[in-house]
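Taken in sequence, the protein lines are chains D and C.
At position 394 of the first sequence (counting the first as 1) the number is 394 in the working numbering, and the numbers step up by one without a gap.
At position 43 of the second sequence (counting the first as 1) the number is 506 in the working numbering, and the numbers step up by one without a gap.
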Amino acid sequence: MSGRTLRPRVLVVGGGPGGYVAAIRAGQLGLETVLVEAGRPGGTCLTRGCIPSKAIIHAADLFAETSRAAAQGGHLGIRLAAPPTLDLAATMRWKDGIVDRLSNGVTALLRRAQVTVLKGWASFADAKSCTVETAEGPVKIEPEHVILATGSLPVELPSLPFGGDVLSSTEALALTELPRTLAVVGAGYIGLELGIAFAKLGVRVALVEAAERILPLYDELLTRPVLDWLHAHDVELHLQARAGGRSARGLDIETPLGDRFAIPAEKILVTVGRKPNTQGWGLETMAIEMDGRFIKVDERCATSSRNVWAIGDVTGEPMLAHRASAQGEMVAEIIAGKRRRFDPVAIPAICFTEPEIVTVGVERADENHVVGQFPFMANGRALSMEAGDSGGFVRTVAEKGSGRIVGLQAVGRHVSELASGFVALIEMGATLEDVAGMIHAHPTLGEAVHESALKALGHAIHV
Amino acid sequence: MGRYLFRLPDIGEGVTEAEIVAWHVQPGARIREDDNLADVMTDKATVEMTSPVDGTVTAVHGEVGAMLAVGAVLVELEVEGEGNAPAQAEPGASVEPPAPPSAATGESRVEAAPAVAPERTSPAQAAPRTAPPPEKSRAVAGRVDIPIGPRQVFAAPATRRRAYELGIPLQFVPGTGPGGRILPSDLDDFIASGGMARAPGGLAPRTGGEDVKIVGLRRRIAERMQEAKRRIPHIAYVEEVDVTQIEALRAEMNARPDEGQPKLTLLPFLIRALVRALPDFPQVNARFDDDEGVLHVSAGVHVGIATQTPGGLMVPVLRHAEALTLAEIAREIARLSAAAREGTAKREELSGSTITITSLGPLGGIATTPVINHPEVAIIGPNRIVEKPVVQGQFVSVRKVMNISSSFDHRIVDGYDAASFIQALKRLIEHPALIFMGDGA
């Protein structure tokens, strides 16, 4: 391979959910495509983000359920002869198995789309000259189009550099032994998802958050059931608190009143955000206009440099895999000559906390909106799967007058699966009357969507 | 305290009504004597209506654009002392005698600045959408949803995509679905109706627009043009004139000007030629009162000079052109057109012409069909001067040539006379010495 120069139509830098989707779609459209990825195809999402965390969360759920059955002498009539034990290394192997399957699947899909995958680091000398350091030596690439999909990296705190007992989410998802105590810095969705999972696995978890409340970006009503869960499960919560450095006893924190003390922490998980991955690969040589920390793109994901495109986390918020994928698919089609733009009405977001939160579109209604809210407490399916008592609900926000649905949120166990329905209703321009006129399967959690729309129309049946 | 009614004064001979073009006061305003109350337009002059008294405005009558009869109440004032009218039992109810139908009097109490209902920003006016990285303030790890609001078109993704591919801004497509949702069939209908962009290259139809109220000078022009075209059967005549000699003369005079001589354009020469030709065609230098069936033939030559001003076309009048030298004509034209452009022309400077010249100058094309300045019977429109080859005997030479367009009132001027008049003009222009023979110009 060494000394070779490739001149493909498309070079995709980064094999995450943005990059690999762009590459597959480009390949499907008959564009000669090269994908450069130093790690495994799948990127953060698949190898150290969404998928492994959800696997761990599932395992933690199961462990918590069985532990509870054992501890209480039975749950729902199910008894365990002995308390379950956890072999975290085995759990991680199971999780890695899932990651392997998916990553191999992506590799196969790329191959089927006739995408050339180069394993190595890309480095640009200018916008159209890239060198990839592969195990077999450098490969030069001079593509017609470049799609930058370099993603994002966890943000480090100066007082708590990653390494040793200070973990980013990546290391947390690769632990093979459970710490007895874990301090999580940052109560955003990543910190809460992982913190709750570790709490379910029996770790004593403390959350440290600088803002006034957990999940500060979400409407408070939606986060209350999560807060209730944290309280009910003795998860320590320090709000408006600042994390200092590591001390012999754990993590130093400062409370809003100025008190300083250490909370016990064998491990410290820092989840204070993610930053775009824009350094160290030659972005500065490409004459690309920035928008703050992010690469500036237009509605077609075009950068200021001709035939250079950027997608996903590196282009800004919301840093979500499904946004990156949608952009990747779109850019491939634009390069193939189709007329496309990125114009979603709303992008769904989910927190896999306990309980789960899903939100699409307008979350905070004002005087121009009408709102209908329906509690899972009144939903048969929720009660039958122990999802009725968590304080969960579905909320529908519609425009006054037109009745057009502009927001749908839910908090409750398993509500993440309602997300597709929510997005469909909003993107298709459904009105409250539309939802009222649809037959919702019984018994399902989705009935709560129907009821919340009826509530907004003023005639809910079951509440 | 007394009540004072300020009535629209007689602001010019023969003026029976005027148009309100601007208000400078509104009810509640404290004013002093000589403060400007409103601007009204008569014929073509805008006149300031100043207050004869100190007082407080209690009512104004008529919106901008309304016609008000002379003698109708324009402003009601509360003044010290007795005023000039009995106190009113019901404020706001008019005690005025009925005005002519076109006048706006009576109940119409109008604020000086009519309130405009705040417009909802329509999707068409919304700022273009920017792609993802919005909402800096929310840019923290977590999620930020793309805001959804009135700027969003209300259509399903497939409909939006198809519209975008076709270059159709969905904001302009009427939605017939629930809540105004744009259905695929709405898009089909829009395309079928011809609203579709012609090419996929991003060309898009522009729809919408605005309603502009025609007031002031524009309305005056509109009315007068309509009047002229409705009443006068126009006959148009175009002739080509060789201006080589007269241009050479002009250049020579400009190159070595007499003391105090302004720079000469072609216009003073044309006016001198007109003055010279008109005595042989007296019916052309005239005003036709068709109500009375009388043609007022004028001994003096009063030339209307059609002038483009910021507000629109105005026609100041060069009086007694027959008594002015070339230099005097040039100076008077400069003065009049400046006054017209600055809006300082007096009423008498804007009326009384007996024949009009209209020219687009260097903009002018090869021919125009000018509209007669009613109630005159003729208008002359010189066009652009061009150099072109002209056959002269056996030779072809380059000559400066200009077309003269002209329109005549066919009720008064027959085609034969019109042609004869323009031919006479042509002869004078082509042989400029003839213009000056026998006079002291």
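Glycine included, every Cβ here is placed at the ideal spot set by N, Cα and C.
Legend entry - Extent of the continuous alpha helix (DSSP H) to which TRP309 of chain D belongs: Element bounds for TRP309 of chain D: not the alpha helix (DSSP H) but the beta strand (DSSP E), 308 to 310.
Inset, instruction - Could you tell me which chain D residues have their CB closer than 8 Å to the CB of PHE617 of chain C, listed as they occur along the chain? - result: Here the neighbours are SER402, ARG404 and GLY429.
Inset, instruction - Using a Cβ-Cβ cut-off of 8 Å, state whether GLU433 of chain D counts as contacting chain C. - result: Answer yes: the Cβ-Cβ gap between GLU433 of chain D and chain C drops below 8 Å somewhere.
Inset, instruction - Kindly indicate which three-state DSSP category MET92 of chain D falls into: helix, strand or coil? - result: MET92 of chain D falls in the helix class under three-state DSSP.
Inset, instruction - Give the DSSP bridge partners of ILE819 of chain C, in chain order. - result: The sequence given here has Thr at residue 819 of chain C, not Ile. Beta-bridge pairing links THR819 of chain C to C:GLY767 and C:ILE842.
Legend entry - Given GLN240 of chain D as reference, the closest of D:ARG260, D:ARG323 and D:THR116 once Cα atoms are compared: Comparing Cα positions, the closest option is D:ARG260.
Inset, instruction - For the alpha helix (DSSP H) holding ILE409 of chain D, just list the boundary residues, first then last. - result: The residue you asked about is not Ile; residue 409 of chain D is Gln in the sequence shown. GLN409 of chain D -> not in any alpha helix (DSSP H); beta strand (DSSP E) instead, spanning 405 to 412.
Legend entry - Beta-carbon spacing of THR271 of chain D, VAL411 of chain D below 8 Å: Their beta carbons are not under 8 Å apart, which means THR271 of chain D does not touch VAL411 of chain D by this criterion.
Inset, instruction - Would you mind listing the beta strand (DSSP E) stretches within the segment 665 to 749 of chain C that are 3+ residues and don't spill past its ends, in chain order? - result: List check, beta strand (DSSP E) in window: 697 to 705.
Legend entry - For LEU351 of chain D, the residue or residues it bridges with in DSSP: A quick correction: the sequence has Cys, not Leu, at residue 351 of chain D. DSSP, once it has assigned bridges, lists D:ILE357 as partnering CYS351 of chain D.
Legend entry - Under 7 Å from the C-beta of ARG644 of chain C: neighbouring residues of chain D: Within 7 Å Cβ-Cβ: GLY429.
Inset, instruction - Would you kindly work out how many angstroms separate the C-alpha atoms of GLY137 of chain D and MET319 of chain D, rounded to a whole number? - result: Annotation: GLY137 of chain D to MET319 of chain D spans about 33 Å, alpha carbon to alpha carbon.
Inset, instruction - With a threshold of 16 other CB atoms inside 10 Å of the CB of ASN905 of chain C, please say whether the residue is buried or exposed. - result: No answer is possible for residue 905 of chain C: the residues shown for chain C start at 464 and end at 904.
Legend entry - Assigned secondary structure, HIS524 of chain C (DSSP; H/G/I helix, E/B strand, else coil): Three-state DSSP puts HIS524 of chain C in a strand.
Legend entry - PRO620 of chain C at chain D interface by Cβ criterion, 8 Å: Closer than 8 Å to some Cβ of chain D, the Cβ of PRO620 of chain C qualifies, so yes.
Legend entry - Best match in D:GLU254, D:GLU433 and D:ALA127 for proximity to GLY640 of chain C [C-alpha to C-alpha]: GLY640 of chain C has its Cα closest to that of D:GLU433, out of D:GLU254, D:GLU433 and D:ALA127.
Legend entry - Touching by the beta-carbon criterion (3+ pairs, under 8 Å), the segment 284 to 300 of chain D and the segment 206 to 219 of chain D: Touching, no, given that fewer than three Cβ pairs across the two stretches are closer than 8 Å.
Legend entry - Runs of beta strand (DSSP E) wholly within the segment 254 to 298 of chain D (minimum 3 residues, chain order): The qualifying runs are 260 to 264, 267 to 270 and 274 to 276.
Legend entry - Backbone secondary structure at ILE214 of chain D - three-state DSSP: Looking at ILE214 of chain D - three-state DSSP - the assignment turns out to be coil, as it is neither helix nor strand.
Inset, instruction - Anything in the segment 201 to 232 of chain D with a Cβ closer than 7 Å to a Cβ of chain C? List those residues in chain order, please. - result: For the segment 201 to 232 of chain D, which is checked against every Cβ of chain C, the residues closer than 7 Å are LEU217.
Inset, instruction - For PRO641 of chain C, decide whether its Cβ has a neighbour in chain D, counting only Cβ atoms nearer than 8 Å. - result: PRO641 of chain C counts as touching chain D.
Legend entry - the segment 466 to 473 of chain C touching the segment 404 to 421 of chain D, judged by at least three CB pairs closer than 8 Å: Contact between the segment 466 to 473 of chain C and the segment 404 to 421 of chain D is absent, because fewer than three Cβ pairs lie under 8 Å.
Legend entry - the segment 352 to 366 of chain D: positions lying closer than 9 Å to chain C by Cβ: Per Cβ criterion, the list reads THR359, VAL360, GLY361, VAL362 and GLU363.
Inset, instruction - Flag this pair as yes or no: are the beta carbons of PRO83 of chain D and PHE63 of chain D separated by less than 8 Å? - result: In this structure, PHE63 of chain D does not lie closer than 8 Å to PRO83 of chain D by Cβ.
Legend entry - Members of the segment 625 to 637 of chain C that neighbour chain D once the beta carbon cut-off is set at 7 Å: Across the segment 625 to 637 of chain C, CB contacts with chain D closer than 7 Å involve TYR627 and GLU628, in sequence order along the chain.
Inset, instruction - Report back the beta-carbon spacing between ALA808 of chain C and ALA481 of chain C to the nearest angstrom; my notes put them in contact at under 8 Å. - result: About 16 Å; that fails the 8 Å criterion.
Legend entry - ILE190 of chain D to GLU673 of chain C span [Cα, whole Å]: Answer to the nearest angstrom: the Cα atoms are 52 Å apart.
Inset, instruction - Note down the Cα distance separating GLN373 of chain D from ALA135 of chain D, rounded to an integer number of angstroms. - result: If you draw a straight line from the Cα of GLN373 of chain D to the Cα of ALA135 of chain D, it comes to about 57 Å.
Inset, instruction - Assign GLY316 of chain D to one of three DSSP states: helix, strand, or coil. - result: In the displayed model, GLY316 of chain D falls within coil according to three-state DSSP, outside both helix and strand.
Inset, instruction - Anything in chain C within Cβ reach of ARG341 of chain D, meaning under 7 Å, just list it in chain order. - result: Within 7 Å Cβ-Cβ: TYR627.
Inset, instruction - Using 10 angstroms around the beta-carbon of ILE677 of chain C, count the other beta-carbons present and answer buried if the total reaches 16, otherwise exposed. - result: ILE677 of chain C should be labelled exposed.
Inset, instruction - For ALA548 of chain C, name the three-state secondary structure that DSSP assigns. - result: Here ALA548 of chain C sits in strand by DSSP.
Inset, instruction - Tell me, please, whether the CB atom of ARG623 of chain C is closer than 8 Å to any CB atom in chain D? - result: Chain D contact via Cβ: present.
Legend entry - Buried versus exposed call for LEU741 of chain C [16 or more other C-beta atoms within 10 Å across all chains shown]: By the Cβ neighbour-count rule, LEU741 of chain C is buried, with 16 or more other Cβ atoms within 10 Å of its own.
Legend entry - Three-state secondary structure assigned by DSSP to ASP234 of chain D: In this structure, ASP234 of chain D counts as coil in the three-state DSSP scheme.
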